[in-house]
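Same order as they appear, the protein sequences are chains A and B.
Using my numbering, you'd call the opening residue of the first sequence number 38 and step up by one each time.
Using my numbering, you'd call the opening residue of the second sequence number 97 and step up by one each time.
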Amino acid sequence: GQQLNQSPQSMFIQEGEDVSMNCTSSSIFNTWLWYKQDPGEGPVLLIALYKAGELTSNGRLTAQFGITRKDSFLNISASIPSDVGIYFCAGRPTQGGSEKLVFGKGTKLTVNP
Amino acid sequence: DTEVTQTPKHLVMGMTNKKSLKCEQHMGHRAMYWYKQKAKKPPELMFVYSYEKLSINESVPSRFSPECPNSSLLNLHLHALQPEDSALYLCASSPSTSGGANEQFFGPGTRLTVL
């Protein structure tokens, strides 16, 4: 099946630092979604991207849909302790039907105050 | 209302019990999903309902039985579960399953423990 490679697997940063994580695929996607999940809770949608090259911001978060349609990145600026959690990328491949999302394995973010 | 709600929040059941998980959304979404999530792993798709009809079953064992009574409600009936079925069960909804702008919104999940 299709897979997304999400990196890094984990990050340990100081409060105030900027963070960058990305997802890549061997196949073309027509949608990229970024979610944040806190322990014991459901994933919360942060940003949705639908067009190649699209750059979208949500507060301190910025995400881009790669030009090749095979990758996406998420940046968090000026991190704060509540940014702690697991960030998942998810994509909708152009082949194989549009009902399923393919998820990355997640990036665990730890922010030291 | 932009929420997906799930009940119960936590559930502990024995292997011979029958229980149900419930999910509700009032966003007018026509697609609803059940996912299973193990610790430190991404969600795994179990079932997809589109316009109240089951459209995808990801080869889920029959001890899990989904039901979609109407466009706002989704149930997951559980019977004769195994300890390895213990996980966080997530419900999600999206406007539809085709076309663009079909982001999925997740509920808070039900933490299931099978003894």
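Idealized CB from N, CA, C, for every residue including glycine.
Only a predicted model underlies this, so the values are computations on that prediction, with no experimental measurement involved.
Specify the secondary structure class of residue i as computed by DSSP and reduced to three states.
i                 : result
Asp181 of chain B : helix
Ser192 of chain B : coil
Ser119 of chain A : helix
Lys132 of chain B : strand
Ser109 of chain A : strand
Pro104 of chain B : coil
Lys145 of chain A : strand
Cβ of residue i less than 8 Å from any chain A Cβ?
i                 : result
Gly124 of chain B : no
Leu141 of chain B : yes
Thr193 of chain B : yes
Val156 of chain B : no
Ser146 of chain B : yes
Leu174 of chain B : no
Gln121 of chain B : no
Arg207 of chain B : yes
Return the first residue and the last residue of the beta strand (DSSP E) that residue i is part of.
i                 : result
Met58 of chain A  : Val56 to Ser62
Glu120 of chain B : Lys114 to Gln121
Pro130 of chain A : Gly122 to Pro130
Tyr145 of chain B : Glu140 to Ser146
Pro157 of chain B : Segment: none, Pro157 of chain B is in no beta strand (DSSP E) and carries neither H nor E.
Ser47 of chain A  : Ser47 to Gln51
Leu70 of chain A  : Phe66 to Gln74
Asn171 of chain B : Leu169 to His175
Arg207 of chain B : Thr206 to Val210
Ala85 of chain A  : Val81 to Leu86
Leu41 of chain A  : Leu41 to Ser44
Ala100 of chain A : Leu98 to Phe102
If you draw a straight line from the C-alpha of residue i to the C-alpha of residue j, how long is it?
i                 : j                 : result
Glu180 of chain B : Asn113 of chain B : 15 Å
Leu141 of chain B : Gln121 of chain B : 18 Å
Tyr124 of chain A : Gln74 of chain A  : 6 Å
Comparing the C-beta of residue i with each C-beta of chain B, is any distance below 8 Å?
i                 : result
Leu111 of chain A : no
Glu52 of chain A  : no
Lys142 of chain A : yes
Lys107 of chain A : no
Ala136 of chain A : It is Glu, not Ala, that sits at residue 136 of chain A in the sequence shown. By this cut-off, Glu136 of chain A is an interface position.
Glu91 of chain A  : no
Gly77 of chain A  : yes
Phe102 of chain A : no
My understanding is that residue i touches residue j, with C-beta atoms under 8 Å, so please give their C-beta distance in whole angstroms.
i                 : j                 : result
Cys126 of chain A : Gly103 of chain A : With 8 Å as the limit, Cys126 of chain A and Gly103 of chain A do not qualify as a contact, their Cβ atoms being about 11 Å apart.
Trp69 of chain A  : Ser44 of chain A  : 15 Å between Cβ atoms; not a contact.
Leu95 of chain B  : Tyr185 of chain B : There is simply no residue 95 of chain B to check, as chain B begins at 97 and stops at 211 in what is shown.
Ala89 of chain A  : Arg106 of chain A : 5 Å
Ala183 of chain B : Phe201 of chain B : Actually they do not touch by this definition, with Cβ atoms about 20 Å apart.
Pro130 of chain A : Ser64 of chain A  : 6 Å
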